[in-house]
Structures are given as C-alpha cells and as structure tokens.
Amino acid sequence: MALVKQAMIAVTAAVIFALVYGEGVDPNCLGCLCEASTKCNASTACHTPYPGAYFCGPFLISWAYWADADKPIIEGDNADKQGAFERCVQDLYCGAETVRRYMAKFLNDCDGNGAVTCVDVIRTHKFGRQDCARAIPQDDKFWSQYQECAIRLSLQ
C-alpha cells in the first residue's frame, strides 16, 4: 500500500509540474528529483548539514543554486528582500522553477553517454554544474530513491 501511495504522490507531483512547467526538464524527472531529495516533503525546513552548507525546501536547494538560477521568487515577492530565497525554495512550485531555470542554464551530458537525460539532471542537481561528471555512489540514499522513482515512472 505504501508503494502505491508513493507512486501516486510522484505521479501527482509530475502532473502538477507538467501543468505549470510544461517545458525544459521532464516533469517526471522533476518529480523524481523532488522525491529523491526529501520524498517531496514541502515542509522540509532549511538546515545546515555541515559547516558552510545551507539547504532548503523539498528540492534541498542552496542559496548559490538559487542565485545561479537568477533568483526566482514567489509572485509579489522581491528577490532582494530578506527571506526571499527561503520563501521561494520552500514553495513546491517556486522550488521547481528554480530547478528548471538552473537546468536551462547549466544542464549538459554529465555522464558522457551522448544524451542529456534525467540522470544528468540528477547529477547536476546533486553535484552542481562544475562537478556533475562525478560518479554517484551506488549506496547513496538520494541515488537509490531516485532510481526507485525512475523505475516506477519508466524514466530513462
């Protein structure tokens, strides 16, 4: 039952993303990225997992990532106002827009297989634009959660 519920959540998230962000990153890929990051938990608080790191929201986005994505904001907000980063990336839609913009600027064939796929999105998101060729350890929780979702949604 839990597996069915998770699949329905992922598919629902993908449908919402497809309706709102019909271009760029495949909506199923965005859904699996969200699921791998936090199980798409929109109430994920900002936290500092290690010194110098600060990640927020369901996609676990850093301030630098958000800035590289040209600081998207929730409608009516101001990117220069204190808390704009947190308000955006803790919102599912604005967080997804941040990922979409970041990928529009920096996504490439990270694994060198000749095609830009969701795996390249995952690598770019996890390691950043300059280190996306780095291998993801097979025992990495983020990676295994992505793979489970990708299998359920038949992502390549």
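The sequence shown lines up with residues -22 to -1, 1 to 134 when you count with mature numbering (1 follows the signal peptide of the UniProt record, and there is no 0). Backbone N, C-alpha and C define an ideal beta-carbon position, used for all residues, glycine too. Note that the structure is a prediction, hence the values are computed from the model and not measured.
Legend entry - Terminal residues of the alpha helix (DSSP H) in which valine 67 lies: Residue range 62 to 67 is occupied by the alpha helix (DSSP H) that includes valine 67.
Legend entry - Three-state secondary structure (DSSP) of phenylalanine 84: If DSSP states are grouped into helix, strand and coil, phenylalanine 84 belongs with the helices.
Inset, instruction - Counting only the same chain and skipping the five closest in sequence on each side, list residues whose C-beta sits under 8 Å from that of proline 115. - result: Residues Trp121 of the same chain have their beta carbon placed closer than 8 Å to that of proline 115, with the five preceding and five following residues left out of the count.
Inset, instruction - List the residues that DSSP assigns as beta-bridge partners of histidine 103. - result: BP columns for histidine 103 are empty, so no partner.
Inset, instruction - For arginine 112, count neighbouring C-beta atoms within 10 Å of its own C-beta (all shown protein chains included) and say buried if the count is 16 or more, exposed if not. - result: Under this definition arginine 112 is an exposed residue.
Inset, instruction - Determine the extent of the alpha helix (DSSP H) in which glycine 54 is found, giving its start and end residues. - result: Neither: glycine 54 is in no alpha helix (DSSP H) and is coded neither H nor E.
Inset, instruction - Count the C-beta pairs between the segment 52 to 61 and the segment 23 to 33 that are closer than 8 Å, then say yes if the count reaches three, no if not. - result: Pairwise C-beta distances place the segment 52 to 61 out of contact with the segment 23 to 33, as fewer than three of them are shorter than 8 Å.
Legend entry - Whole-angstrom C-beta distance between lysine 104 and aspartate 46, which should lie under 8 Å: Taking C-beta atoms under 8 Å as the contact rule, aspartate 46 and lysine 104 fail to qualify, at a distance of about 15 Å.
Legend entry - aspartate 48 versus threonine 95: straight-line alpha-carbon distance, rounded: When the Cα atoms are used, aspartate 48 and threonine 95 turn out to be separated by approximately 23 Å.
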